[in-house]
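Position 180 (the sequence shown) corresponds to 180 in the UniProt record's numbering; numbering is contiguous. Every residue gets a Cβ at the ideal spot worked out from N, C-alpha and C, and that includes glycine. All figures in this text were calculated on a predicted structure; none of them were measured in a lab.
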Amino acid sequence: MKNYLKILIAFVGALGLFASCEKDGEQLVMRENVIAPSITAMPDLALARDNGANELVFKCSPIDAGFTASANYFLEAAAAGTGFEDAVLLYNGISCDEITITVNQLNSMLLDILPEDATSSAEFRIRGVLETDAGAGVENFEYISDTKTADATVFGLLRLDVMITGATGIQKVVSPASDGSYNGFVKFGAGDSFTLTNPETGHVYGGSAGSLTQDGPAIAVAEAGWYDLSADIINGTFAIDPYFIGLVGSATPNGWDAPDSKMDYDPATKTWQITIDLAPGFVKFRRNDGWGWNMGLVEGEEGAMEGDLQQGGAGNDIPIDEAGNYTVIFNIISDSAGTYKFIKN
C-alpha cells in the first residue's frame with residue numbers, strides 16, 4: 001500500500017472516534033474530544049417593524065475537530081423550556097462564523113414559536129453535522145452547542161382583515177415584509193363577497209378583475225373552499241386563486257376520483273388537517289383535484305404513521321393498513337417537500 005495516503009478510523013472511549021490520515025509525511029489527527037460549535041455573540045432581539053430591513057448577526061465558532069473539517073450547520077430557536085421540540089430553523093449552511101438575518105426574516109420565523117407584540121424568553125443553539133468520507137463506512141457525527149437564552153420581542157405582522165359579508169368571524173392576510181403586499185389562505189363559502197380592511201388606518205379596499213381600490217366594490221367568490229389571497233395596496237392589485245388541498249386514493253371515500261376529501265388549513269400550526277374514515281388502501285395528497293401538484297412518499301420509503309413527502313413520483317402512495325377514523329395532518333414545507341402524520345382516533 002502506498003505511503004502517500006493512509007486513512008485510519010477507529011472508535012475510542014465515550015465519543016469513540018479517532019481518525020488520522022497521512023499524506024506526504026503530514027499527519028492530520030481528529031481530536032478524541034471534538035469541540036462542539038458555539039454561539040459567541042447574539043444580536044439585540046428587541047425587534048421593531050420600523051427596522052425590518054436591518055441586518056442582525058449571530059456570531060458562532062465552528063466545530064474544532066483538530067483540523068479544518070467540512071460540516072453543515074443549523075441555527076435553531078425555540079421557546080424557552082421546550083427542549084427544542086418545536087424548534088424553528090433560522091439558518092442552514094456550510095459556515096457559521098457570521099450568520100446574517102434581516103429583522104423581518106427573523107421576526108417571521110420567531111412568530112411560529114413566540115406570541116406577537118410581546119417579549120418572551122427564547123433559546124438558541126447551533127448544531128454542526130461533521131461530514132465523513134462516505135467510503136470510510138462511518139456515519140456523520142452531530143455536535144450541539146450550549147444553549148443561549150435571550151429575551152426576544154417580536155411584532156405582529158401588518159394585516160388586512162377579510163370582511164366577508166354576513167359572516168361573524170374575521171380572517172386575515174399578512175405582510176411579512178411590511179411593504180404593502182399581503183398574502184394568506186382564506187376560506188370562503190359559495191357566493192361569498194368580501195372587502196379588505198386595514199385595522200390601523202381604517203381604510204377599506206375592494207375591486208374587480210384584479211384591480212384593488214380604496215372603497216371599491218366587494219369581491220365575489222363563486223366556489224366554496226380555501227383560496228390563496230394576495231393583495232397589494234401600493235400597486236392596487238389583488239389575486240385570488242383556489243387552493244384546495246385534498247386526500248385522494250383507494251383508502252378514501254371517493255377512491256382515486258375527484259372530488260378529493262378536502263382538508264382545512266390551521267393558521268396556528270400552518271398545517272392542513274382532516275378527520276376522516278379510511279379503508280385499507282393507499283392515499284396521496286394533491287391540490288385542486290388534479291395531478292399537476294401532488295405529494296407522496298419520499299423515494300425508497302415504505303410508509304408509516306408519519307414521515308416525509310416529495311413532489312410527484314410513481315409507486316410512492318402512502319399505505320393505510322387498517323380501517324378506521326383518522327386525523328390526518330399535512331405540512332407543506334415547500335412545493336417539493338412536506339411531511340404527514342396519521343393519528344388513529
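For SER95, there is no enclosing beta strand (DSSP E), as DSSP marks it with neither H nor E. Straight through space, the alpha carbons of ALA251 and ASP289 are spaced by roughly 16 Å. Runs of alpha helix (DSSP H) with 4 or more residues, each lying fully within the UniProt domain "SusE outer membrane protein" (43-124), are found at 103-110, listed in chain order. The three-state reading of DSSP puts ARG31 in coil, since its state is none of H, G, I, E or B. A straight line joining the alpha-carbon of ASN345 with that of LYS270 spans about 22 Å.
Following the DSSP letters along the chain, one finds THR213 inside the beta strand (DSSP E) bounded by residues 211-214. In this structure, PHE188 lies away from VAL154, with their beta-carbon atoms at least 9 Å apart.
Contact between the region 234-250 and the region 271-286 is present: three or more C-beta pairs spanning the two stretches fall below 8 Å. By the Cβ criterion, the region 204-211 is not in contact with the region 252-259, since fewer than three pairs of Cβ atoms, one from each stretch, lie closer than 8 Å.
Contact check for PRO62 and GLY156: beta-carbon distance about 36 Å, past the 8 Å limit, so the pair fails to qualify.
For ASP335, the three-state secondary structure derived from DSSP is coil. Distances from the alpha-carbon of GLU223 to those of LEU56, ASP192, LEU278 and GLU322 put ASP192 closest. Pairing THR40 with TRP293, the inter-Cα distance amounts to about 43 Å.
With a cutoff of 9 Å on beta-carbon distance, TYR205 and ILE164 are scored as not near each other. Where LEU229 is concerned, the enclosing beta strand (DSSP E) starts and stops at 225-232.
According to the DSSP assignment, LEU157 belongs to no beta strand (DSSP E), since it is labelled neither H nor E.
Comparing C-alpha distances from THR197 to each of GLN171, PRO176 and SER108 shows the shortest one belongs to GLN171. In summary, ASP117 is exposed, with fewer than 16 beta-carbon neighbours lying within 10 Å of its beta-carbon over all protein chains present.
Nearest C-alpha to ASP146 among SER121, CYS60 and THR168: CYS60. Apart from sequence neighbours up to five positions away, the residues of its chain that approach ASP308 with a beta-carbon distance below 6 Å are VAL298 and THR339, ordered along the chain.
Boundaries for ASN198: no beta strand (DSSP E) harbours it, and the DSSP string shows neither H nor E there. Per DSSP, reduced to three states, the secondary structure at TYR243 is coil, with no helix or strand assignment.
Here ILE35 is exposed: its Cβ has fewer than 16 other Cβ atoms, across all protein chains shown, within 10 Å. Here ILE240 has TYR227 and LEU229 as same chain residues with Cβ atoms under 6 Å from its own Cβ, once five neighbours each way along the sequence are excluded. Listed in chain order, the non-local C-beta contacts of ILE332 below 6 Å within the same chain comprise GLY338, local neighbours out to five positions each way being set aside.
Of the other Cβ atoms in all chains shown, 16 or more fall within 10 Å of the Cβ of TRP272; this residue is therefore buried. Between LEU56 and PHE74, the CB-CB gap reaches or exceeds 9 Å. Looking at the DSSP output, LYS284 sits in a beta bridge with VAL248.
With a contact defined as Cβ atoms closer than 8 Å, LEU45 and ASP151 qualify at about 7 Å. Scanning its chain for C-beta atoms nearer than 8 Å, with the 5 sequence neighbours on each side dropped, one finds around ASP335 the residues TRP293 and GLN311, in chain order. With 16 or more other Cβ atoms inside 10 Å of its own Cβ, SER175 counts as buried. By the neighbour-count definition (other C-beta atoms within 10 Å, threshold 16), ASN92 is an exposed residue. Cβ neighbours of PRO43 within its own chain (closer than 7 Å, five residues either side excluded): LEU56, VAL57 and PHE58.
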